[in-house]
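Here the working numbering is used: the first residue of the sequence shown is 4, the next is one more, and so on. Quick reminder that beta carbons are idealized off the backbone N, C-alpha and C, glycines included. Heads up: the structure comes next, in structure tokens.
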Amino acid sequence: MAMAENSSAYFLDALASKAPVPGGGGAAAMGGAIGMALSNMVGNLTVGKKKYADVEGEVKELLEKGYRIIDELKTLVDKDAEVFEPLSKAYSLPKDTPEQVAYKEKVMQECSITACSVPLEIMRKAYEGIKIHARMGQIGSALAISDVGCGVVFLRAALISGYLNVLINLGSIKDQKYLDETGGEINRLLNDGSKVADETLQLVIDKIK
Numbered sequence: 004m005a006m007a008e009n010s011s012a013y014f015l016d017a018l019a020s021k022a023p024v025p026g027g028g029g030a031a032a033m034g035g036a037i038g039m040a041l042s043n044m045v046g047n048l049t050v051g052k053k054k055y056a057d058v059e060g061e062v063k064e065l066l067e068k069g070y071r072i073i074d075e076l077k078t079l080v081d082k083d084a085e086v087f088e089p090l091s092k093a094y095s096l097p098k099d100t101p102e103q104v105a106y107k108e109k110v111m112q113e114c115s116i117t118a119c120s121v122p123l124e125i126m127r128k129a130y131e132g133i134k135i136h137a138r139m140g141q142i143g144s145a146l147a148i149s150d151v152g153c154g155v156v157f158l159r160a161a162l163i164s165g166y167l168n169v170l171i172n173l174g175s176i177k178d179q180k181y182l183d184e185t186g187g188e189i190n191r192l193l194n195d196g197s198k199v200a201d202e203t204l205q206l207v208i209d210k211i212k
């Protein structure tokens with residue numbers, strides 16, 4: 004059974020254990036899904052209210068995007084575990100001969116790039132979710148505005164956690180083109196996403212006050 008489909012207690016017990024997975028990547032994806040769910044809760048509390056009739060169409064669009072992101076992040080919880088396993092095994096490959104050293108290096112490079120793919124995708128989904136929160140904070144139900152703030156904090160944490168998980172794998176990669184492209188993307192996602200998240204959180208705080 005997929006980890007995201009198990010109980011929260013099961014996931015937390017597995018996360019706290021000495022097992023290699025789930026780890027920070029899986030936790031980032033799960034946290035991001037929780038954050039996105041909070042935005043959708045606000046959206047569902049907004050739809051059908053006369054006060055918000057003029058934005059109902061847009062809120063429904065945000066909800067549709069939100070449900071897609073939730074499903075994608077839930078899938079990434081398990082994907083993160085799947086891509087870590089080959090990398091974990093690669094570390095144990097023998098290196099007693101020049102041929103073994105070359106083979107291990109080749110496998111390590113391939114596995115490290117693959118291992119980057121999931122936390123990078125988590126960052127992309129978190130950034131997309133943060134932008135949805137920014138709009139939901141502007142047009143969603145004022146009665147649930149604090150939940151927009153809570154949700155965007157979860158997604159900002161997912162963004163930062165994804166960044167750290169990409170960064171640690173980049174340290175093993177020698178493909179300079181990949182390093183430049185991926186490094187540039189994660190820095191942009193982190194900087195832009197953090198800026199929007201901080202602005203959204205401040206908007207929420209100002210509305211509450």
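Residue i versus the options, residue with shortest Cα-Cα distance
i, options, result
"ASN190", "SER164, ALA137 and LYS212", "SER164"
"PRO97", "PHE87, ASP16, ALA19 and LYS109", "LYS109"
"GLY26", "LYS198, PRO122 and ALA93", "PRO122"
"ALA225", "MET33, GLN205 and ALA40", "The question about residue 225 has no answer, for the chain in this structure spans 4 to 212."
"VAL169", "LEU192, SER149 and ALA147", "LEU192"
"MET111", "VAL24, GLU188, SER95 and ILE208", "SER95"
"LYS210", "GLY174, ILE72 and ILE148", "ILE148"
"SER175", "GLY140, THR100 and ALA93", "ALA93"
"CYS119", "ALA17, PRO23, PHE14 and GLY28", "GLY28"
"GLU64", "PRO23, LYS53 and GLY46", "GLY46"
"GLN179", "PHE14, ASN194, ILE116 and ALA17", "ILE116"
"GLY140", "PHE14, ASP201 and ALA30", "ASP201"
Residues near residue i in its chain [Cβ-Cβ closer than 6 Å; skip 5 each side]
i, result
"ALA43", "Reading off the sequence, residue 43 comes out as Asn, not Ala. Correct list, in chain order: LEU66 and GLY69."
"HIS136", "SER42, VAL151, GLY154, VAL155 and THR203"
"PRO89", "CYS114"
Rounded Cβ spacing between residue i and residue j (contact assumed at less than 8 Å)
i, j, result
"GLY196", "ARG159", "7 Å"
Status (buried if at least 16 other CB within 10 Å, exposed otherwise) for residue i
i, result
"ALA56", "exposed"
"VAL104", "exposed"
"SER144", "buried"
"THR185", "buried"
"TYR166", "buried"
"LEU79", "buried"
Cβ shell of residue i (< 7 Å), same chain only, five flanking positions each side left out
i, result
"GLY35", "LEU76, ILE125, LYS128, ALA129, GLY132, PHE157, LEU158 and ALA161"
"ARG71", "none"
"PRO23", "PHE87 and SER91"
Cβ neighbours of residue i in the same chain (closer than 8 Å, five flanking residues each side left out)
i, result
"ILE142", "THR49, TYR55, VAL58, GLU61 and VAL62"
Straight-line Cα distance separating residue j from residue i
i, j, result
"ASN172", "LYS21", "20 Å"
"SER10", "ILE37", "14 Å"
"LEU1", "ASP74", "The chain is shown only over 4 to 212; residue 1 falls outside these bounds and no answer can be derived."
"MET39", "ALA19", "24 Å"
"LEU206", "LYS134", "13 Å"
"VAL199", "GLU102", "49 Å"
"ALA225", "ASN194", "Beyond the ends of the chain as shown, which are 4 and 212, falls residue 225; an answer cannot be given."
"TYR13", "ASP81", "14 Å"
"ASP99", "LYS177", "22 Å"
"LYS107", "LYS212", "58 Å"
"LEU182", "LYS52", "49 Å"
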